[in-house]
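Heads up, the sequence shown is in the working numbering, so the first residue is -13 and it goes up one at a time. Even for Gly, the Cβ is constructed at its ideal location relative to N, Cα and C. Just so it is clear, the structure is predicted and the values come from calculations on it, not from any experiment.
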Amino acid sequence: MRRVVITGVGLLSPLGNDMATLQEGLESQRSGVKHMADWSQYKDFETRVCGIVDWDDYKSIPRKSRRSMGRVALLAAKTMQDAVADSGLSEALVSNPRTGISFGSTMGADEVLFDYITDITNNQSFQGQNSMGFLQIMSHTVAANMAAMFKIRGRNIPSCSACTSSSMAIGIGYESIKYGQSDIMFVGGSEGAHAYNAGIFEIMGATSRRYNDTPDQTPRPFDSERDGLVTAEGGGTLVLEEYEHAKKRGAKIYAEVIGYATSCDGEHITTPSNEGMEQVMRLALDDAGITSDAVGYVNAHATSTPKGDIAESHATYAVFGSDTPISSTKGYMGHLLGGCGVVESIIGLISLQSGLLPANKNLVKVDESCAPLDYLFEHRHGTHDIVMNNNFAFGGINTSLIFKKI
């Protein structure tokens, strides 16, 4: 069976726009969550917190390409630029028919969709709309724009599955290489920030509102005082490559992808299922050919919602018991939605390289309804070789990824 390694990384996150800055943010327990004063313009909308990326250098993206991009695709384009440069791949290899792509997001460009609907509703007319609008808001805008900008000739498989979008993209890339369909895959995802996005979650009663004036204190995964998720923007790109192919060209290797699984609860569209979460972790371990005690750190999905954190904790306990260190890094930056899986996987790479086991930021007292896991209240440093990253999405979609130091 072909082995799959990571040979390039690019990222934009509320905590930093490269691996070194992201690691420093984790180590110093910085918060990337900001107070959003301008959200007060919307009636009956209470949340005022969001994780924001410090990047708006849109001119670094060629004009011909960025015309069909909203912020969600622009963020992805920057991360893919950085990942391609980091990988050292030639233009010929990037455009080789054996090189493919898989990217996802929860939605297209929120800001474009919001303005589009507002204008049409107010004017009762389609006149004056930007002809590029649909290309910016379509569900596969990220994958389509990345493929066009970087002249991808191989497979293009968009992965639009809400909070599992980018982790599923990594899994798609991994399986494409493992089973011989591709030699290289660019994978990842992104999300832009907008009140429209946060408002949808507030309607469902899922957003944090109690900490509007102290944004660094939310979200609070697993904590007894958590009050909901915090939406955020950002994303990333990983370059996946067949191991012998990477070795032959002398590529730098960050880690190996050794396990992946995805499954569906097949039950309620929003209520999480312990059984589904447990199943996907066990399937990923089976795919990797390892037992749970080989995993040195679990990066949990835990978004800081009341039901979700409890269900995930019990599913994780069923697989790992109380001995495996666990944290949710959403406490540092919020929930990147379609971009969370890839950024949290990059945190897994940082953990493998540095030994850092990042603390659960804002965790003071574990909710008594959560399972008795080895929650990281403070940073630790280990010598672990394997990490797991879990993500779960509405629709009962579950993903689990396993990375190994090489």
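Beta-carbon gap between A393 and I388 smaller than 9 Å: Any question about residue 393 goes unanswered here, given that the chain covers just -13 to 392.
8 Å CB neighbourhood of G114 in its chain, flanking five on each side removed: D105
Reference Y400, options N183, I189, G214 and S210, closest by Cα: Within the shown structure, residues of the chain are numbered from -13 to 392, placing residue 400 beyond reach of any answer.
L322, DSSP secondary structure in three states: coil
Which listed residue (H365, S259 and S168) has its alpha carbon closest to that of E230: S168
Three-state class that DSSP yields for K20 in the structure shown: strand
Start-to-end residues for the beta strand (DSSP E) that takes in N384: I383 to K390
Residue range of the alpha helix (DSSP H) that includes T248: Taken as a continuous stretch (DSSP letters only), T248 belongs to no alpha helix (DSSP H), being part of the beta strand (DSSP E) at A241 to C250.
Minimum C-alpha distance to A6 - residue among T248, L335, Q122 and E354: L335
Alpha-carbon to alpha-carbon, F112 and D199: 40 Å
Cross-strand partners of C36 (DSSP beta bridge): K20
Contact set for G119: own chain, Cβ-Cβ below 7 Å, skip 5 residues either direction: V98 and Y102
Secondary structure, alpha helix (DSSP H): runs of 4+ residues fully inside the segment 246 to 292: 260 to 274
Inter-stretch contact (C-beta, 8 Å, three-pair minimum) for the segment 171 to 183 and the segment 147 to 161: yes
Close Cβ partners of R52 (< 7 Å) along its chain, the five nearest in sequence each way excluded: Y44 and L60
Euclidean distance between Cα positions of M93 and S125: 5 Å
Alpha-carbon to alpha-carbon, E330 and L269: 20 Å
Those residues which DSSP pairs with N401 across a bridge: Nothing can be reported for residue 401, as the shown portion of the chain is limited to -13 through 392.
Pairwise C-alpha distance: C250 and T315: 24 Å
Minimum C-alpha distance to E13 - residue among G236, H321 and K347: K347
Between the CA atoms of I372 and K391 - distance to the nearest angstrom: 6 Å
For A218, the three-state DSSP class (helix, strand or coil): strand
CB contact flag (V58, A95, <9 Å): yes
Where P201 falls: helix, strand or coil (DSSP): helix
Cβ separation of C146 and S91, assumed to be a contact under 8 Å, to the nearest whole Å: 7 Å
Reduced DSSP secondary structure (H/G/I, E/B, other) of Y165: coil
Short Cβ contact (9 Å threshold) for V225 with T248: no
Secondary structure of G94, DSSP reduced to three states: coil
Pairwise C-alpha distance: A181 and S26: 10 Å
Residues bridged to F89 (per DSSP): G174
For D43, the three-state DSSP class (helix, strand or coil): coil
Where the alpha helix (DSSP H) through S73 begins and ends: R57 to S73
Nearest-angstrom Cα separation, counted from E32 out to I255: 25 Å
Enclosing alpha helix (DSSP H) for G11 [first to last residue]: M5 to E13
From S162, T107 and A357, residue whose alpha carbon lies closest to that of V243: S162
Distance, S152 Cα to V305 Cα: 24 Å
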